[in-house]
Structures are given as C-alpha cells and as structure tokens.
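First up is the structure itself, then whatever we jot down about it.
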C-alpha cells in the first residue's frame, strides 16, 4: 500500500498558474523571475512525487526522491505521535478535508524517532498515521504545540 502527496500535488498544479498570473499582473513579465519560480516549482514537484511511504507485508519503507531512505518493521513501532501546531493570534480557514495534524512521529522501541508529513494519503484517503493506528493497532497520541505569532 502506497501513501503519497496526491491531494497536495493536485492543489499545487492548480495554485501555481494562478500565482504566476498574479505575479505577471503585478510585476510584468520578468524572464529571470519566471525561470527562478519555474525551477523552484519543478524541484518542489519532484519532491512531492518522490516522497512516499510503502507498506509491504510487515515492513514500512520511506522513499525520498524515489530512493529508499528508511525501512522499518511495523512491530518495532511503539507509538505514533500526531503533532498539530496552532499559532496564537491568527485565524485559520480550512478549505476541504485534510488532516488536522501537521506531522507524525513514529517512536520505535529502541527510542529512535522517525518523522513523516501528515499529508501522505493512501488510495482510500487515509493518512499513514491513522492507517497504522486503525489497521495495525499502534497507539496514536495527539499533541498540540502552541506558537505565538509575533507580527
């Protein structure tokens, strides 16, 4: 089973042309800025396509830029912490359905902590942390970090 950034990629492909159009209206066509934004955009898309998790049997593999980065036995995961960051003094609007947390931390039995973005979904729209909690019965603890907005 594969967990990847499918929803984020779709949103990025829609929002980026809008951003370029607004930039064009405000600054005109500047070839250097267009090339810079295009290179950053392509790098970001390659990262989004190349960052994913794969569950094969009782192992979970993390891929970064299409290369296997970490391999974990699912039985070695002691618990999962789901972190949500709330900024005090700001208002947030949530468009669409997405995870409430920002990242997952997989805490292994030997104390090693492995982090994952929470926006990696499987084909059923379930995040990797919620899937491991529901299907593999690994304890999930939700935590909130508060950040003070200094603006």
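Residue numbers (this note's numbering): 1 to 151.
Even for Gly, the Cβ is constructed at its ideal location relative to N, Cα and C.
Taking the alpha-carbon of residue 91 as reference, which of 19, 78, 148, 74 has the nearest alpha-carbon? 148
DSSP on residue 227, reduced to helix/strand/coil? Outside the modelled stretch of the chain, which goes from 1 to 151, sits residue 227, for which no answer is possible.
Please determine if the stretch 65-82 and the stretch 139-146 are in contact, where contact requires at least 3 C-beta pairs separated by less than 8 Å. yes
In angstroms with no decimal places, state the Cα-to-Cα distance between residue 24 and residue 78. 51 Å
Tell me whether residue 76 sits in a helix, a strand or coil according to DSSP, three-state version. helix
Only counting the same chain, and skipping five residues up and downstream in sequence, which positions put a Cβ closer than 7 Å to that of residue 68? 61
Give me the Cα-Cα distance between residue 14 and residue 127, rounded to the nearest whole angstrom. 22 Å
Which partner residues does residue 6 have in the DSSP bridge list? In the DSSP output, where bridge partners are listed per residue, residue 6 has none listed.
Going straight from the alpha carbon of residue 26 to that of residue 19, what length do you get? 11 Å
Mind checking who residue 130 pairs with in its DSSP beta bridge? For residue 130, which the question treats as bridged, DSSP gives no partner whatsoever.
Below 8 Å on the Cβ atoms is my contact criterion, and I expect residue 34 with residue 50 to pass it. Report the Cβ-Cβ distance as a whole number of Å. About 24 Å separates the two Cβ atoms, so there is no contact after all.
Could you give the DSSP three-state label for residue 58: helix, strand or coil? coil
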